[in-house]
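First residue of the sequence shown: 0, per numbering that gives the first Met the number 0; consecutive thereafter.
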Amino acid sequence: MKRFAFVAATAAIFALPVSADILINDAYARVASPMAQSGAAFMGIQNTGAEDDRLIAARSDVAQRVELHTHIADGDVMRMVEVEEGFEIPAGDTHMLERGGHHVMFMGLNRRLAHGDEVAVTLVFEKAGEMDVIIPVDLERNDVTGAMGGMKMDHGNMGGEGAMQMNHGKMQ
Ligand SMILES: [Cu+2]
0 MKRFAFVAAT AAIFALPVSA DILINDAYAR VASPMAQSGA AFMGIQNTGA
50 EDDRLIAARS DVAQRVELHT HIADGDVMRM VEVEEGFEIP AGDTHMLERG
100 GHHVMFMGLN RRLAHGDEVA VTLVFEKAGE MDVIIPVDLE RNDVTGAMGG
150 MKMDHGNMGG EGAMQMNHGK MQ
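In structure tokens, the structure reads:
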């Protein structure tokens, strides 16, 4: 709860100019190892307004490139791809950026990230405009198996016995 409060307060302080319709909840960033060349950020993006919005870009000095990514299944491996159109943030809903799904990707880190560090990120929304957030690096969360650990999905999590078998062929 402490972390949630911190991020919410930070977002409020730095969120000028921004529509009050977008709230960032429980943001955190992580790297796969202390020497990692890339990292990712996850958060809930809440749209309290009456209009759909869209996260169209993200920027940060922490990396040479910041992209909006998702994971797609490529055979039995989850692969990351850029989502150029960004992520829709439906009115009255929260869109989760989470491990194994949509995320903000830091490519070519300009500095090493350690647990407890902070990353300043500007989120760019189609309607709400730009929003600056300070995202804490949290290496202790482990809420999705394998998502950042080499991109190989754990087949044990794919569903119950007898449930759909994963297609090991190419998706295309
Ligand atoms: Cu990515």
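The beta-carbon is built from N, C-alpha and C at its ideal position, and this holds for glycine as well.
Under the three-state reduction of DSSP output, D52 falls in the strand class.
Going by DSSP, L22 is part of the beta strand (DSSP E) stretching over I21 to V30.
In the DSSP assignment, D73 falls within the unbroken beta strand (DSSP E) covering A62 to D73. For G43, the CB contacts under 6 Å within the same chain, skipping 5 residues up- and downstream, are N24, D25, T93 and M95 in chain order.
Non-local C-beta neighbours of R64 in its own chain, meaning closer than 7 Å and more than five positions away in sequence, comprise M106 and G107, ordered along the chain. Contact between S59 and V120 holds: CB atoms are separated by about 5 Å, below the 8 Å threshold.
Checking the 6 Å criterion, the Cβ of H68 is within range of a heavy atom belonging to ligand 1. Under the three-state reduction of DSSP output, M34 falls in the coil class, being neither helix nor strand. Counting along the chain, the unbroken beta strand (DSSP E) around E81 starts and ends at V76 to E81. Between ligand 1 and the CB of M77, the shortest heavy atom gap is not smaller than 6 Å.
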